[in-house]
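A short worksheet on the structure shown next.
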Amino acid sequence: MLSLAVTEFGKPLQAIETPTPTPQGTEVLLKVHNAGVCHSDVHIHDGYFDLGGGNKLPMANIKLPHTLGHEIEGEVIAVGPEVKDIKIGARYAAFPWIGCGKCPSCLRGEENICVGGPRQLGCSNGCPGGYATHCMVPHPRYLIDYGKTDPALGAAYMCSGVTAYAAMKKVGELGPNDQVLVLGCGGVGMMGVQFAKAMFAQNRKDWGPLAADIIDGHLEAAKKAGASKTYNTKDPEAAKQLMADTGGGAYAVVDFVGSEKTFAFASQTVRRGGKIIIVGLFGGAMQMPLPMFPFRTISIGGSMVGSLTDTQEMMKLVREGKVDPIPYTKRPLSEANSALEDLVAGKVTGRVILTP
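Just so we're aligned, residue 199 is where the sequence shown starts under my numbering, counting upward by one.
Dropping the structure here:
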């Protein structure tokens, strides 16, 4: 099998040939047809997460070479002897956020935040992902039926989709005049616009979330996707305008970037009693005087991808046609390096999907 792998952090991915694995036990081998390119791939490729102040969280637990790619869709070509009711030739998306199955988080059905040793496809040591011709899935329960959805989007929903859906679930119920701000309208943020509409627009004529970004093209795409108003955060008056438009700020700001600048904008535009939900991993650090938490009665939390249950709920909405497709472009696997470079440079609208 062919893989585009990290052989040295921060250096271009290299094509490597390894024996195609044979599934054992409950394993299922997929021939990869579609693999989405995500910002998390950028951080793993770099070898660290930026913690701000010059501090870094290194990827010390990932041994090289490592194959990236956690948004995976493909065809079943072989199964282990313990696998039942999975047909050779069937197409599935692969849920990648797999845990140890034994720790307290996994036993709560929250494998995505496993504390006992995660086995996340493309993200954990010893778990190669979808930047390859083949990918092994450890159990058929992680095969997701995407129905008549475009297979490329079926792949993208396994990270950008479930990440957006799970983050929007944390918003909770909205009051009659509550508003949600999607901060950052890249691939995941565009999904955020879509799922906000699907989850909160019931009985609200012409309702759509607010959207903010630094790239006008992203804002135009968000507007077409259903955002009611958009704001370019490079405009020094943007925060003031949003506060005026909402009568005091958004009830929930879902930050799909996770940078120092986006957190600053979120803290400026969340209303008293509201929520900031940090999703993105761009990096940096935040500072806020502790008395401001009770004075403003705001809550700040994080959201890390989503559980298998979240994924199944999300795909039900998708299969029912309640979520419009986001834009994407396809590139051959050989262009994985340029896809990562374009993502860093902000040149990608929606998602890039690699095709081995």
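In this text, a Cβ means the ideal position worked out from N, Cα and C, and glycines have one as well.
Ordered list of alpha helix (DSSP H) runs contained in the segment 316–390, each at least 4 residues: 349–354, 360–367
Assigned secondary structure, Gln439 (DSSP; H/G/I helix, E/B strand, else coil): In the sequence shown, residue 439 corresponds to position 241, counting from 1. It is helical.
Proximity below 7 Å, CB of Arg529 to CB of Leu552: In the sequence shown, the residue the question calls residue 529 occupies position 331. In the sequence shown, the residue the question calls residue 552 occupies position 354. Their beta carbons are under 7 Å apart, which means Arg529 touches Leu552 by this criterion.
Start and end residues, beta strand (DSSP E) containing Gln212: Counted from its first residue, the sequence shown places residue 212 at position 14. Per DSSP, Gln212 belongs to the beta strand (DSSP E) from 212–215.
Among Ile214, Ala365, Pro489, Glu206, nearest to Met257 - alpha-carbon criterion: The count along the sequence shown starts at 1 and reaches residue 257 at position 59. Ranked by Cα distance from Met257, the options Ile214, Ala365, Pro489, Glu206 are led by Glu206.
Neighbourhood of Glu280 by C-beta, 8 Å cutoff - its chain only, sequence neighbours within 5 removed: As a working mapping, residue 280 is identified with position 82 in the sequence shown. Closer than 8 Å at the Cβ level, and outside the excluded window around Glu280, lie Gly223, Thr224.
Neighbourhood of Met388 by C-beta, 7 Å cutoff - its chain only, sequence neighbours within 5 removed: Indexing the sequence shown from 1 puts residue 388 at position 190. Excluding positions up to five away in sequence, the list reads Ala419, Ala420, Ala423, Ile524, Gly548.
Secondary structure, beta strand (DSSP E): runs of 3+ residues fully inside the segment 509–538: 526–530
Contacting residues, own chain, Cβ-Cβ under 6 Å from Ile260 (five flanking each side not counted): As a position in the sequence shown, residue 260 is number 62, starting the count at 1. So the list reads Asn323, once near-sequence residues are dropped.
Length of the line joining the Cα atoms of Val468 and Ala450: Your numbering for residue 468 matches position 270 in the sequence shown. Your numbering for residue 450 matches position 252 in the sequence shown. Those two C-alpha atoms are separated by around 6 Å.
6 Å CB neighbourhood of His268 in its chain, flanking five on each side removed: Taking the sequence shown and counting its residues from 1, one reaches residue 268 at position 70. Taken in chain order, the residues that qualify are Pro294, Leu319, Gly320, Cys321, Gly327, Cys357.
Cβ-Cβ distance between Ala436 and Ala425 below 7 Å: To locate residue 436, count along the sequence shown from 1; it is residue 238. To locate residue 425, count along the sequence shown from 1; it is residue 227. Their beta carbons are not under 7 Å apart, which means Ala436 does not touch Ala425 by this criterion.
Given Val546 as reference, the closest of Val235, Gln392, Lys229 once Cα atoms are compared: Residue mapping note: residue 546 aligns to position 348 of the sequence shown, counting from 1. When only C-alpha atoms are compared, the closest one is Val235.
Reduced DSSP category for Ala420 - H, G, I as helix; E, B as strand; rest coil: The residue given as residue 420 occupies position 222 in the sequence shown. DSSP places Ala420 in the helix class (H, G or I) of the three-state scheme.
Sequence-distant residues of the same chain with beta carbon closer than 6 Å to Ile475, five excluded per side: Position 277 of the sequence shown, counted from the first residue, corresponds to residue 475. Same-chain partners within the cutoff: Ala365, Lys368, Val452, Gly499, Ser501.
Validate contact between the segment 300–314 and the segment 239–248 using beta carbons, cut 8 Å, 3 pairs: no
Per DSSP, cross-strand counterpart(s) of Lys254: One-based indexing of the sequence shown puts residue 254 at position 56. Residue pairing by DSSP places Lys254 opposite Asp248 in a beta bridge.
Residue range of the beta strand (DSSP E) that includes Leu227: Walking along the sequence shown from the start, residue 227 turns up at place 29. Note, Leu227: beta strand (DSSP E), 226–235.
Buried or exposed by the 16-neighbour rule on C-beta atoms within 10 Å, applied to Met513: The residue you call residue 513 lines up with position 315 of the sequence shown. Counting Cβ neighbours within 10 Å, Met513 comes out buried, since at least 16 surround it.
Asp522 beta carbon less than 7 Å from that of Val360: What you label residue 360 is simply residue 162 of the sequence shown in a count that begins at 1. What you label residue 522 is simply residue 324 of the sequence shown in a count that begins at 1. No, these two residues do not count as a Cβ contact at 7 Å.
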